[in-house]
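For what it's worth, this note's numbering labels the leading residue of the sequence shown as 136, then goes sequentially. Each residue gets a CB set at the ideal place from its N, CA and C atoms; glycine is no exception. Remember, it's a predicted structure, so these values are computed and weren't measured experimentally.
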Amino acid sequence: SGKHVSTANPIIDATLPDGSRINLTLGHEITKRGSTFTIRRFRADPITAIDLVKFGTMSSEIAAYLWYATEKNATMLVAGGTASGKTTALNALTSFIRPGQKVVSIEDTQELNLPIENWIPAVSRQNFTDGKIGEINQYDLLRAALRQRPDIIIVGETRGREAYTLFQAMATGHGGFSSIHADSVKATLTRLASSPMDVPKQLIANTLDIITLQLKIRVKDRSVRRIIQISEIAGIDEETSTIKTHDFFKWDPITDVHKCSGNSIVLNKIKERIGESTEQINEELRKRKLAIEWMVKNDIRQQKDVAREVHEFYSDSERFSERKRIGI
């Protein structure tokens with residue numbers, strides 16, 4: 136990776152030549168029982184949305200909803216705790232981005248692996264000296280990305296002042312996705328509005344569409360990952376200055392089933408913006424659900440294969456849906 140661990144720099148986060156992440160600490164300086172290293176390896180074949188449906192992380196109905204929302208440039212945060220699969224879910228959703236769109240991703244250490252031809256992956260850089268000379272952080276990368284006229288901006292993890300710039304970009308019509316460390320929707324909104332992010336509540340309420348909450352939990356003595364809640368932003372309460380949310384999907388821990396409330400703020404916004412009826416949007420969701428279930432049934436789960444099917448769907452959704460309806 137070209138980085139060196141030393142007394143002056145006893146903690147290193149880096150990327151190995153094969154793309155794996157490594158964290159090193161220098162013994163007796165930081166870790167008193169000796170030096171440590173932790174390597175996080177990534178699959179050569181990334182987990183896709185089809186895998187997540189097969190695993191039970193999300194339902195085919197949720198996948199169809201997120202597909203349609205992604206296609207219509209809804210803004211989204213994937214929230215969750217450590218090792219909950221936030222980045223995996225974020226990466227999986229990018230398969231639903233419409234072909235031809237320009238996507239810029241911004242990360243401290245590259246984890247995203249997008250099946251998109253017009254994708255610019257940007258990675259931050261540490262300083263060359265003890266000062267700030269040569270340092271390029273996520274905030275710098277995000278400002279540069281806005282000059283590249285992207286259709287969609289993806290920030291691997293939002294945790295600092297880049298959050299405000301991301302929300303400003305989303306407010307001007309860019310599609311935006313990111314992940315954030317939080318164990319509830321309420322905690323997510325609190326983190327966004329607090330230092331060091333300091334995103335104004337009004338900007339959050341006017342800009343953010345969806346928060347997907349994913350946690351690592353135990354079901355029948357098995358450790359699993361589940362999307363336990365999908366909340367839509369419903370505006371701001373003027374009296375209490377709190378951001379209102381609406382739970383569109385919730386996971387039932389007793390039955391291990393995702394349940395839908397039946398009324399979506401985001402879908403209503405899309406309906407008003409593009410001038411389609413409720414029946415037309417329901418039909419679009421049905422076609423996407425059918426496509427996902429067909430891919431699950433036929434074990435079409437590799438990233439390149441899922442991307443190919445999604446591209447075919449965008450080319451002629453009616454013909455695609457009729458073929459899959461016959462084959463499912």
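In this structure, the alpha-carbon of ARG168 lies about 16 angstroms from that of SER141.
Taking ALA304 as the centre and dropping the five residues before and after it, the same chain places the C-beta of LEU281, ILE288, GLY311 closer than 7 angstroms to its C-beta, in chain order. The three-state secondary structure of GLU242, taken from DSSP, is strand. Annotated three-state conformation of PHE383 is strand, per DSSP. A contact between stretches requires three or more CB pairs, one per stretch, nearer than 8 angstroms, and the stretch 178-193 meets this requirement with the stretch 347-360. For CYS395, same chain residues with a beta-carbon under 8 angstroms away, outside a window of 5 residues either side, are GLU196, PHE383, PHE384 in chain order.
Per the Cβ contact rule, the stretch 400-419 is not in contact with the stretch 227-236 (fewer than 3 Cβ pairs under 8 angstroms). Residue pairing by DSSP places ASN158 opposite ASP148, THR173 in a beta bridge. Under the DSSP assignment, ILE255 falls in the beta strand (DSSP E) whose first and last residues are 254-258.
Contact between the stretch 266-276 and the stretch 293-300 is present: 3 or more CB-CB pairs across the two stretches fall below 8 angstroms. Here the alpha carbons of TYR299 and ILE339 stand approximately 9 angstroms from one another. Straight through space, the alpha carbons of ALA199 and HIS393 are spaced by roughly 13 angstroms.
ASP372 is bridged by DSSP to THR377.
The stretch 315-325 makes contact with the stretch 337-356: 3 or more CB pairs, one atom from each, lie closer than 8 angstroms. Within 10 angstroms of the beta-carbon of LEU327 lie 16 or more other beta-carbons, which makes it buried. Between the stretch 150-162 and the stretch 174-187 there are three or more inter-stretch CB-CB distances shorter than 8 angstroms, so the stretches are counted as touching.
Contact check for ILE241 and ALA227: beta-carbon distance about 18 angstroms, past the 8 angstroms limit, so the pair fails to qualify. Counting along the chain, the unbroken beta strand (DSSP E) around SER313 starts and ends at 310-316. Its chain contains ASN226, ASN248, GLN438 as the residues whose beta carbon lies nearer than 7 angstroms to that of PRO181, once the 5 sequence neighbours on both sides are disregarded; these appear in chain order.
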